[in-house]
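Going left to right, the sequence shown walks through residues 1 to 615 as our numbering numbers them.
Note that the Cβ used here is the ideal one computed from N, Cα and C, for glycine as well.
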Amino acid sequence: MLMTEQATGHHPQPRPRNGATTSPVEHVTGAQSLIRSLEEVGADTVFGIPGGAILPAYDPMMDSQKVRHILVRHEQGAGHAATGYAQATGRVGVCMATSGPGATNLVTPIADAHMDSVPLVAITGQVASKAIGTDAFQEADICGITMPITKHNFLVTKAEDIPRTIAEAFHIASTGRPGPVLVDIAKDALQAKTTFSWPPQTDLPGYRPVTKPHAKQIREAAKLISAAKRPVLYVGGGVIKSGATAELKILAELTGAPVTTTLMALGAFPDSHPLHVGMPGMHGAVTAVTALQKADLIVALGARFDDRVTGKLDSFAPYAKVVHADIDPAEIGKNRAADVPIVGDAREVIADLVQAVQAEHSEGNKGDYTAWWSDLNRWRETYPLGYDLPEDGSLSPQQVIQRIGQLAPEGTIFAAGVGQHQMWAAHFIDYEQPATWLNSGGAGTMGYAVPAAMGAKAGLPDRPVWAIDGDGCFQMTNQELTTCALNNIPIKVAIINNGALGMVRQWQTLFYNQRYSNTVLHSGPDELKANKGTRVPDFVKLSEAMGCVALRCEDPADLDKIIAEANAINDRPVVVDFIVHEDAQVWPMVAAGTSNDEVMAARGVRPDFGDGEDD
């Protein structure tokens, strides 16, 4: 079964094909060639800031009818906006910066995109080719700096190489395992005269991603699934990136196996589906964590066995055989040995698995998971996700986020910062569709939410977009609200304002004897200390100064009314400052460095799984 573009929200990126009919030769500058190349590969939005070395490219971009440039307030915002655009639309995100500090300000979002396998092309200006290596003004070796965190990068010193490089960059970024590609272009290459025709002849002899899985490995996997008593489908973000969510649903319902979706895969399988047992990991659902621990077969699809999921690696899933399918062969066996390794695109792998499992069923080989589901359902009923309301009548952050999710229009995209609010947004908002949950999973980048939401809204202007942010994260990139206000990008931002760096404070509560060293954000004059939450800056005044509608909510009785008011405003950005209780914590939790067997359902509550383990 094939997914439509509309169903996935992902669209194929136009790519050059060797041998295709070429366009007439045009005489242009390197800068004009760059903009024409961006038009040809289908780029419609570029987030960036001009500067000396990249300035030649900004002149012809002004004349483009196809490429919209959005002037951000910080290059980090440009990078995260390009990532949010790519995660929401499935197309390659594009950001642009000048040399030196402009380029180095892109390093964090490039690293972020690398960790989360996001198709991104970052274009940077470089000093003139003859000045490279002389420590010229605003020179930085951005290719050298980003080599470990890009899928590939290019230094272009000749104008005639620009079209081919842009074509190759977009192809590399969007195929195989997606990732960021850097194109650094010397200023004199942008200024030089050259010719332009499309498509160029690309030359990537060493780049041949394998997408079609090996039939023998597929058959072996199907046999293991049919023979297993306690299987789990461990679904990672690669399933969303490959557009394989429809195939996943077919496979899950065909096998009847439980499905767990990682932080990067929320929405790949409907949260409401009876086969879904939740998110695994350090703050995953008890049922999901325990299902992996007690499984006799783990079928990993587009996932990488990262430390947040496995906990202490040598104690992870001790009884399980592993089928590991990934488009990146370097991931297979990296952290956990695979009994059946499968290299291939998740969509093709799952489609072939469906056929192989059907063949097993036709031969009478069908797994009986009745006892397994009896255990899973008991755990699910005994240890559901939940929270307590504060005794002092203040706002619960979990309740705030849950109500935002419940009151949001259908199809809303949610982008989260990093920390407690990120985990609560993962827990208490239901994700039924792919590409409706955007977050920084691998790098854990504070400041991600506002610019990523901006990028998502720029790419899908008809979709509502909420950014769920903390008062710490918000202070890192909130200036992009000015960008939103001036460019008609009406995102909505919820600041979960507990007056602290919440997740770090939680660790200090649990592991550092409540010594809150440098995690309190609301220190200041005594009259301000009396108030809960961060009050310097005043987020309402700050947001209004940046052209937004700003609201504040402190009373649970006002919660639904204020959320509804925010949802009704669609012509400007909206910021809501939710003053919440500072002592709320994220549970369940597996402490760092410990085994997933030691998962705690709540503070001081160790689950009893009814199999002889201590309570």
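In or out: residue i buried (at least 16 other Cβ within 10 Å) or exposed?
i           : result
residue 177 : buried
residue 197 : exposed
residue 352 : buried
residue 410 : exposed
residue 476 : buried
residue 605 : exposed
residue 2   : Any reading at residue 2 is ruled out, since the residue's pLDDT is 32, under 50, leaving its predicted position unreliable.
residue 27  : exposed
residue 609 : buried
residue 596 : buried
residue 448 : buried
residue 217 : buried
residue 116 : buried
residue 615 : In this prediction, residue 615 scores a pLDDT of 35, lower than 50, which makes its location untrustworthy; no coordinate-derived value is stated.
residue 535 : buried
residue 6   : Any reading at residue 6 is ruled out, since the residue's pLDDT is 34, under 50, leaving its predicted position unreliable.
residue 603 : exposed
residue 399 : buried
residue 488 : exposed
residue 486 : exposed
residue 23  : exposed
Any heavy atom of the ligand SAM closer than 6 Å to the CB of residue i?
i          : result
residue 92 : Absence of the ligand SAM is noted for the structure shown, with no ligands found whatsoever.
Can you give the beta carbon distance from residue i to residue j, rounded, assuming they're within the 8 Å contact cut?
i           : j           : result
residue 418 : residue 473 : 6 Å
residue 183 : residue 235 : Wrong, their Cβ atoms sit about 33 Å apart, outside the cutoff.
residue 79  : residue 38  : That pair is no contact at about 17 Å.
residue 576 : residue 553 : 6 Å
residue 225 : residue 367 : 6 Å
residue 323 : residue 221 : 4 Å
Considering only the beta carbon of each residue, do residue i and residue j sit closer than 7 Å?
i           : j           : result
residue 533 : residue 497 : yes
residue 441 : residue 279 : no
residue 330 : residue 301 : no
residue 30  : residue 189 : yes
residue 266 : residue 85  : no
residue 540 : residue 395 : no
residue 210 : residue 607 : no
residue 459 : residue 159 : no
residue 332 : residue 341 : yes
residue 586 : residue 283 : yes
residue 444 : residue 81  : no
residue 140 : residue 97  : no
residue 127 : residue 83  : no
residue 495 : residue 467 : no
residue 310 : residue 288 : no
residue 349 : residue 325 : yes
residue 181 : residue 233 : no
residue 376 : residue 258 : yes
residue 480 : residue 73  : yes
What span of residues does the alpha helix (DSSP H) with residue i cover, start to end?
i           : result
residue 288 : 286 to 294
residue 372 : 370 to 382
residue 89  : 75 to 89
residue 559 : 559 to 568
residue 471 : 471 to 477
residue 246 : 245 to 255
residue 173 : 162 to 174
residue 359 : 346 to 362
residue 510 : 502 to 511
residue 110 : 107 to 115
residue 309 : 307 to 310
First and last residue of the beta strand (DSSP E) that includes residue i?
i           : result
residue 484 : Counting along the chain, residue 484 falls outside any beta strand (DSSP E), though it belongs to the alpha helix (DSSP H) covering 480 to 486.
residue 153 : 152 to 156
residue 234 : 231 to 235
residue 224 : First-last for residue 224: 215 to 227, but that is the alpha helix (DSSP H), not the beta strand (DSSP E).
residue 273 : Premise fails: residue 273 is in no beta strand (DSSP E) and is neither H nor E.
residue 261 : 259 to 261
residue 326 : 321 to 326
residue 55  : Note, residue 55: premise wrong, no beta strand (DSSP E); alpha helix (DSSP H) at 55 to 61.
residue 300 : 297 to 301
residue 341 : 340 to 343
Name the one or two DSSP bridge partners that residue i has.
i           : result
residue 195 : 27
residue 68  : 45
residue 578 : 496 and 553
residue 700 : As displayed, the chain neither begins before 1 nor continues past 615, which places residue 700 out of reach and without an answer.
residue 268 : The partner list for residue 268 (beta bridge, DSSP) is empty, contrary to what the question assumes.
residue 430 : Looking at the DSSP assignment, residue 430 forms no beta bridge with any residue, so it has no partner.
residue 121 : 94 and 181
residue 437 : 414
residue 468 : 416 and 494
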